[in-house]
Amino acid sequence: MMLSLIIRSWRGHTAAMARATAASSQWIDDNGVRQPGGEVHAWEPGTNQTVCGLALSRSRLRRFPHVVFDFRATDQITAADEVRYICPRCVAATTRRGERSWTRTAPRP
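Each residue of the sequence shown is one higher than the one before, starting from 1 at the first, in full-length UniProt numbering.
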């Protein structure tokens, strides 16, 4: 799993922050570690809201600072998965924008 880092600037300071996971439920894996389940959102540690703007306390979302939000728009959810819903706004906010779809290679003079 690749750790996606973002650069945030605040009053002249820059810091690299990883997006963690917040979810509506949890389950315990074979190693005894809590894992997210149910509805999954991206969350920046140190804030009280998800990347898409939901308040963690009002939405009753649990924090998983040890789990990196590494979901993409192409991920498929099956019946065997504990994760039931991946927030599309959080996925859009955490994925990189691609290059322009079309650029002129030889512009007219």
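The C-beta atom is built at its ideal place from N, Cα and C for all residues, glycine as well.
Start and end residues, alpha helix (DSSP H) containing residue i
i, result
"ALA92", "88-94"
Per-residue burial, residue i [other beta carbons within 10 Å of its own, 16 or more giving buried]
i, result
"HIS41", "buried"
"ALA23", "buried"
"THR103", "exposed"
"THR95", "exposed"
Nearest neighbour of residue i, chosen from the options [CA to CA]
i, options, result
"ALA73", "THR103, VAL33 and TYR85", "TYR85"
"GLN26", "ASN48, PHE64 and ASP75", "PHE64"
"ILE77", "ASP30, GLU39, ASP29 and ASN48", "GLU39"
"ASP75", "HIS66, ASP30 and ALA92", "ALA92"
8 Å contact criterion, which residue i and residue j should meet: CB distance rounded
i, j, result
"ALA20", "PHE69", "6 Å"
"CYS90", "THR50", "6 Å"
Host beta strand (DSSP E) of residue i (start-end)
i, result
"ARG63", "62-68"
"ARG97", "Where ARG97 is concerned, there is no enclosing beta strand (DSSP E), given that its DSSP letter is neither H nor E."
"ARG34", "34-43"
Query raised in the report: Counting pairs of beta carbons, one from the stretch 44-58 and one from the stretch 26-35, are three or more of them closer than 8 Å?
Result: no
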